[in-house]
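One structure is given here, and the rest of the page talks about it.
Numbering (this note's numbering), first residue to last: 345 to 420.
Listed below in structure tokens is the structure:
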């Protein structure tokens, strides 16, 4: 069994099964996700400028909502 990303033996590291891809090292798969700009199941590369801006606003709103009331809130 070889890692789908580095093509080395999958048993040499922490092997995982990636749905739709196959066997991979956990670190190789994480590196692949970062390169593809995927978070959870959201592929950031597929978003257009408007969608990316809306996502940014939603993330900022959520981060502000989680801060204690006494902390300074960031305004975009």
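Glycine included, C-beta positions come from ideal geometry on N, C-alpha and C.
{"Item": "Beta bridge counterpart(s) of residue 367 as assigned by DSSP", "Value": "361"}
{"Item": "Residue 348 and residue 365 closer than 8 Å at C-beta", "Value": "yes"}
{"Item": "Inter-residue spacing [alpha-carbon to alpha-carbon] between residue 405 and residue 345", "Value": "45 Å"}
{"Item": "Under the three-state DSSP convention, the category residue 386 falls into", "Value": "strand"}
{"Item": "N- and C-terminal bounds of the alpha helix (DSSP H) containing residue 408", "Value": "393-410"}
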